[in-house]
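Colleague:
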Amino acid sequence: MQKKWWQKATAYQIYPKSFLDTNGDGIGDLRGVLCKLDYLQQLGINLVWLSPIYCSPLADQGYDISDYYRIDPRFGTMDDFDELLAEAKKRGIGIVMDLVVNHCSDEHEWFRRACEAPDGRYGKFFYIEDYDGQHLPCNWRSYFGGSVWEPLPGHPDKVYLHSFHKKQPDLNWENPDLREEIYRMMNWWLDKGVAGFRIDAIINIKKALPFRDYPASRADGLCDMGEMLAQAHGIGDFLAEMQRRTFAPHDAFSVGEVFNSHAEDLPAFIGEHGYFSSMFDFSAILCGKNRDGWYACAPTVSGEEYKRSCFASQKMAAHVGYLSNIIENHDGPRGVSHYLPASEHAEAAKKMLGGLSFLLAGIPFLYEGQELGMENTVFENPEDIDDISTRDEYKVALAAGLSPEAALRAVAPFSRDNARTPMQWTAGKNAGFTDGTPWLAPNPNYPRLNAAEQLARADSVLAFYRRLTALRRSEAYADTLAYGDCIPWLPEQKNLMAYLRRGSGKTLLIVGNFQPAPQAAALPGAARIVLDNDLPVTLSGGKISLLGWQFAVLEISES
Ligand code: TEU
Ligand code: CA
Numbered sequence: 003m004q005k006k007w008w009q010k011a012t013a014y015q016i017y018p019k020s021f022l023d024t025n026g027d028g029i030g031d032l033r034g035v036l037c038k039l040d041y042l043q044q045l046g047i048n049l050v051w052l053s054p055i056y057c058s059p060l061a062d063q064g065y066d067i068s069d070y071y072r073i074d075p076r077f078g079t080m081d082d083f084d085e086l087l088a089e090a091k092k093r094g095i096g097i098v099m100d101l102v103v104n105h106c107s108d109e110h111e112w113f114r115r116a117c118e119a120p121d122g123r124y125g126k127f128f129y130i131e132d133y134d135g136q137h138l139p140c141n142w143r144s145y146f147g148g149s150v151w152e153p154l155p156g157h158p159d160k161v162y163l164h165s166f167h168k169k170q171p172d173l174n175w176e177n178p179d180l181r182e183e184i185y186r187m188m189n190w191w192l193d194k195g196v197a198g199f200r201i202d203a204i205i206n207i208k209k210a211l212p213f214r215d216y217p218a219s220r221a222d223g224l225c226d227m228g229e230m231l232a233q234a235h236g237i238g239d240f241l242a243e244m245q246r247r248t249f250a251p252h253d254a255f256s257v258g259e260v261f262n263s264h265a266e267d268l269p270a271f272i273g274e275h276g277y278f279s280s281m282f283d284f285s286a287i288l289c290g291k292n293r294d295g296w297y298a299c300a301p302t303v304s305g306e307e308y309k310r311s312c313f314a315s316q317k318m319a320a321h322v323g324y325l326s327n328i329i330e331n332h333d334g335p336r337g338v339s340h341y342l343p344a345s346e347h348a349e350a351a352k353k354m355l356g357g358l359s360f361l362l363a364g365i366p367f368l369y370e371g372q373e374l375g376m377e378n379t380v381f382e383n384p385e386d387i388d389d390i391s392t393r394d395e396y397k398v399a400l401a402a403g404l405s406p407e408a409a410l411r412a413v414a415p416f417s418r419d420n421a422r423t424p425m426q427w428t429a430g431k432n433a434g435f436t437d438g439t440p441w442l443a444p445n446p447n448y449p450r451l452n453a454a455e456q457l458a459r460a461d462s463v464l465a466f467y468r469r470l471t472a473l474r475r476s477e478a479y480a481d482t483l484a485y486g487d488c489i490p491w492l493p494e495q496k497n498l499m500a501y502l503r504r505g506s507g508k509t510l511l512i513v514g515n516f517q518p519a520p521q522a523a524a525l526p527g528a529a530r531i532v533l534d535n536d537l538p539v540t541l542s543g544g545k546i547s548l549l550g551w552q553f554a555v556l557e558i559s560e561s
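In terms of our numbering, the sequence shown opens at residue 3 and continues consecutively.
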């Protein structure tokens, strides 16, 4: 496979609204990101993905863009952005923008003009259909609840399609004029010097047309979008065009938010000449999901399930391309709360989980606060929920007959707010995130869990992540970790997650004991410890003896 500049990168996702507020309005901003570039550099980051910072009414926290060419004043100015780009570059950090082009905001000029003239140029940028007051074009359920159809403002005889919130009208990718506008915008940012894009909800841009009903999955008579997407063919034409017109000429990095991925599609998506450089591996986060709603989903995922889904994805991507590996992002629970049992949020277990994910083949993406081991937050009553998706799922749980208390308890483990609480910088007021009133309350655990405390401690979760990133760029192991194979080791041994990274003349064994009880594991050869999670490692008789939640990286001399 051809070598690319991003294959050795370590990436970090910033959710700007929750990162650091520098002007006391309670909302994180670009100057906050600027302040923390040294912190990111010391953490060993080379790529920063910024969740959306464009002008937006923030109906879905910026994933509803009203102007693709401007920075929302709440986040700063274009001067701040340019400064950020330049200062990041000085530190060897590339900025990856969030590309949200399945939809825009209903406050975007395109949509306003579509409402003025539904049959005009901009009406054709959207999906607008006639409506007789009774029969909607189809029974698809939006991701945030309710029908995907909403009356077009000013036109009671017309409806428009929104796969997400009604303030996020879908863009019509079948229209070449629309596609041209999108490529122009992408190239404008790439010409400015951004390193690439994370591409939002991209699988949704291709609809199965003409509109028709699918079997209803719930009492609301609506169907899951997945039903329709399974019948939507030909997305590759759009993605190949996007790749050719934007990413390729700029040698940009691109990572797709691709759900519903199938092995047979992988070469087209992330192969040598794929549409994207990489795509996220969501297989573990999809474990235990249930179509009835969050209330019916398993609140945590076992170590065995986590291991099996990682290994299945690794096998699928082997010799095809680079997955991007995560334990969390801005759309769900904190990884340590989701993949570790509630009683095991000790630092050793957090490091183990982080290490196991980080060293898989692919690009590791950390999410802000993951490097501290930040945990799910606490919801005391329904008013504590900010996120639109959680509010909808709470209603779904009530409709299924759960009591208000039970409904809140059932949806809390999945809430997107868990990942969106302010970054915990210090033990001071509001976790050092803001001098004002934070837009979302910080997790009450910040007095004990914060960056300042961890920066001062050699065995902190933060210090461990620094060692992981250092290993990834070390002269000794960078090639093995970037290009080596990933081979499961003792995959049948229960609650042991172990794999080899083999390549460039070296072999590493990555091993984690996914349980509180100790266990031993056979070694594939003579071993030397390269990194551990601050628990004493015992090697003897061709075995490693692991304490509960112990993690180690060993260099193996294979004979
Ligand atoms: O997510 C797409 C997506 O499918 C998820 O939103 C998922 O359905 C949802 O998180 C369940 O709660 C992307 C963004 O990551 C997300 O933040 C946006 O809300 C969404 O697109 C719309 O732009
Ligand atoms: Ca601010």
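C-beta atoms are modelled at their ideal positions from N, C-alpha and C, and glycine is treated no differently.
Give the straight-line distance between the Cα atoms of V257 and G543, rounded to the nearest whole angstrom.
Modeller: Stepping through the sequence shown from its first residue, residue 257 is reached at position 255. Stepping through the sequence shown from its first residue, residue 543 is reached at position 541. The alpha-carbon atoms of V257 and G543 are separated by roughly 44 angstroms.
Colleague: Could you check if Y396 belongs to the surroundings of ligand 1, using beta carbon to heavy atom distance under 7 angstroms?
Modeller: In the sequence shown, residue 396 corresponds to position 394, counting from 1. Y396 Cβ: outside cutoff for every heavy atom of ligand 1.
Colleague: Please enumerate, following chain order, all residues with a beta carbon closer than 5 angstroms to at least one heavy atom belonging to ligand 1.
Modeller: Residues with a Cβ closer than 5 angstroms to any heavy atom of ligand 1, in chain order: D62, Y65, Y145, F166, D202, A203, D333, S391.
Colleague: For the region 115-173, list the beta strand (DSSP E) runs that are entirely contained and at least 3 residues long, ordered along the chain.
Modeller: Listed in chain order, the complete beta strand (DSSP E) runs (minimum 3 residues) inside the region 115-173 are 130-132, 151-154, 157-163.
Colleague: Flag I387 as yes when its Cβ comes closer than 7 angstroms to any non-hydrogen atom of ligand 2, and as no otherwise.
Modeller: Working through the sequence shown from its first residue, we reach residue 387 at position 385. No.
Colleague: Run through the DSSP bridge pairs and tell me what F367 is partnered with.
Modeller: Against the sequence shown, residue 367 aligns to sequence position 365. A13.
Colleague: Count the other C-beta atoms from every protein chain shown that fall within 10 angstroms of the C-beta of A254, then say buried if there are 16 or more, exposed otherwise.
Modeller: In the sequence shown, residue 254 corresponds to position 252, counting from 1. Flag for A254 reads buried.
Colleague: Spatial neighbours of P269 within its chain, please: CB distance less than 8 angstroms, with the 5 preceding and 5 following residues excluded, ordered by chain position.
Modeller: Sequence index remark: in the sequence shown, residue 269 carries index 267 (1-based). Excluding sequence neighbours, P269 sits near G276, V322, G323.
Colleague: Leaving out the 5 sequence neighbours to the left and right, which residues in its chain are closer than 7 angstroms to A218 when beta-carbon positions are compared?
Modeller: Position 216 of the sequence shown, counting from 1, holds the residue named residue 218. Excluding positions up to five away in sequence, the list reads N141, L224, C225.
Colleague: Under 7 angstroms from any heavy atom of ligand 2, does the C-beta of T471 make it?
Modeller: Position 469 of the sequence shown, counting from 1, holds the residue named residue 471. For ligand 2, not one heavy atom lies less than 7 angstroms from the Cβ of T471.
Colleague: Where Y162 and D121 are concerned, what is the direct C-alpha to C-alpha distance, given to the nearest angstrom?
Modeller: As a working note, residue 162 is residue 160 in the sequence shown. As a working note, residue 121 is residue 119 in the sequence shown. Each residue's Cα considered, the two are about 13 angstroms apart.
Colleague: If I'm right that A399 touches A409 with Cβ under 8 angstroms, what's the distance once you round it to whole angstroms?
Modeller: In the sequence shown, counting from the first residue as 1, residue 399 sits at position 397. In the sequence shown, counting from the first residue as 1, residue 409 sits at position 407. Confirmed, about 4 angstroms.
Colleague: Report the option in V102, R247, F199 whose CA atom is closest to the CA atom of P178.
Modeller: Here residue 178 refers to the residue found at position 176 of the sequence shown. Comparing Cα-Cα distances from P178 to each of V102, R247, F199, the minimum goes to R247.
Colleague: State the start and end residues of the unbroken beta strand (DSSP E) segment that holds D534.
Modeller: Numbered from 1 along the sequence shown, position 532 holds the residue referred to as residue 534. Segment 528-534, the beta strand (DSSP E) holding D534.
Colleague: Taking the alpha-carbon positions, what's the N378 to D419 distance?
Modeller: For the purposes of this step, residue 378 is taken as residue 376 along the sequence shown, with counting starting at 1. For the purposes of this step, residue 419 is taken as residue 417 along the sequence shown, with counting starting at 1. When rounded, the distance between both Cα atoms is 8 angstroms.
Colleague: Residues near ligand 2, CB to any non-hydrogen atom under 5 angstroms, in chain order?
Modeller: Qualifying residues, in the order they occur: D23, N25, D27, I29, D31.
Colleague: Applying the 10 Å Cβ sphere with the 16-neighbour rule, what's the burial state of Y133?
Modeller: As a first step, residue 133 is located in the sequence shown; it is residue number 131 there, counting from the start. Looking at its Cβ environment, which holds 16 or more other Cβ atoms inside 10 Å, Y133 is buried.
Colleague: Just the C-alpha distance for V463 and I512, rounded to the nearest angstrom, thanks.
Modeller: Walking along the sequence shown from the start, residue 463 turns up at place 461. Walking along the sequence shown from the start, residue 512 turns up at place 510. Near 18 angstroms, if we compare the C-alpha coordinates of I512 and V463.
Colleague: Near Q1, which residues of its chain fall below 7 angstroms by C-beta distance, leaving aside the five closest residues on each side in sequence?
Modeller: Beyond the ends of the chain as shown, which are 3 and 561, falls residue 1; an answer cannot be given.
Colleague: Since L52 is in the beta strand (DSSP E), which residue starts that stretch and which ends it?
Modeller: As a first step, residue 52 must be located in the sequence shown, where it is residue number 50. That run of the beta strand (DSSP E) goes 49-52.
Colleague: Determine the DSSP secondary structure at S280, reduced to helix, strand or coil.
Modeller: The sequence position of residue 280 within the sequence shown is 278, counting from 1. Looking at S280 - three-state DSSP - the assignment turns out to be strand.
Colleague: Please confirm if the region 24-44 is in contact with the region 438-458, defined as three or more CB-CB distances below 8 angstroms between the two stretches.
Modeller: Touching, yes, given that three or more Cβ pairs across the two stretches are closer than 8 angstroms.
Colleague: Pairs of beta-carbons, one from the region 102-110 and one from the region 345-361, closer than 8 angstroms: are there three or more?
Modeller: With the cut-off at 8 angstroms, the region 102-110 and the region 345-361 do not touch.
Colleague: Strictly by DSSP, which residues pair up with C225?
Modeller: Sequence index remark: in the sequence shown, residue 225 carries index 223 (1-based). DSSP lists W142 as partners of C225.
Colleague: Less than 6 angstroms between C-beta atoms, sequence neighbours within five positions excluded: which residues of the same chain meet that for R115?
Modeller: Within the sequence shown, numbered from 1, the residue matching residue 115 stands at position 113. If we look at R115 and ignore the five residues flanking it on each side, its Cβ neighbours are Y124.
Colleague: For the beta strand (DSSP E) containing S256, list its first residue and its last residue.
Modeller: In the sequence shown, counting from the first residue as 1, residue 256 sits at position 254. Counting along the chain, the beta strand (DSSP E) containing S256 begins and ends at 255-258.
Colleague: Look at the Cβ atom of P153, then the Cβ atom of F77, and state whether they are nearer than 8 angstroms.
Modeller: Your numbering for residue 153 matches position 151 in the sequence shown. Your numbering for residue 77 matches position 75 in the sequence shown. Their beta carbons are not under 8 angstroms apart, which means P153 does not touch F77 by this criterion.
Colleague: Give every residue of the same chain whose Cβ lies closer than 7 angstroms to the Cβ of Y396, excluding the five residues on either side of it in the sequence, and list them in chain order.
Modeller: Working through the sequence shown from its first residue, we reach residue 396 at position 394. Only P384, I387, A409, L410, V413 meet the Cβ criterion.
Colleague: Taking the straight line between their C-alpha atoms, what separation do you get for F199 and A519?
Modeller: Here residue 199 refers to the residue found at position 197 of the sequence shown. Here residue 519 refers to the residue found at position 517 of the sequence shown. Approximately 43 angstroms, taken between the alpha carbons.
Colleague: State the start and end residues of the unbroken alpha helix (DSSP H) segment that holds A402.
Modeller: Translated into positions along the sequence shown, residue 402 becomes position 400. No alpha helix (DSSP H) contains A402, which DSSP labels as neither H nor E.
Colleague: Starting from the C-beta of I335, find all residues in its chain whose C-beta is less than 8 angstroms away, skip the five residues before and the five after it, and write them out in chain order.
Modeller: Stepping through the sequence shown from its first residue, residue 335 is reached at position 333. A small correction: the amino acid at residue 335 is Pro; Ile does not occupy that position in the sequence shown. Answer for P335: N378, P415, F416, S417, N420, A421, listed in chain order.
Colleague: Considering only the alpha carbon of each residue, which of H105, E557, R310 lies closest to K208?
Modeller: Locating residue 208 in the sequence shown gives position 206, counting from the first residue. Selected option, being the one with the closest Cα: H105.
Colleague: Please state whether the Cβ-Cβ distance between L502 and P526 is less than 8 angstroms.
Modeller: Residue numbering aside, residue 502 sits at position 500 when the sequence shown is read from its first letter. Residue numbering aside, residue 526 sits at position 524 when the sequence shown is read from its first letter. Result yes, Cβ atoms of L502 and P526 sit closer than 8 angstroms.
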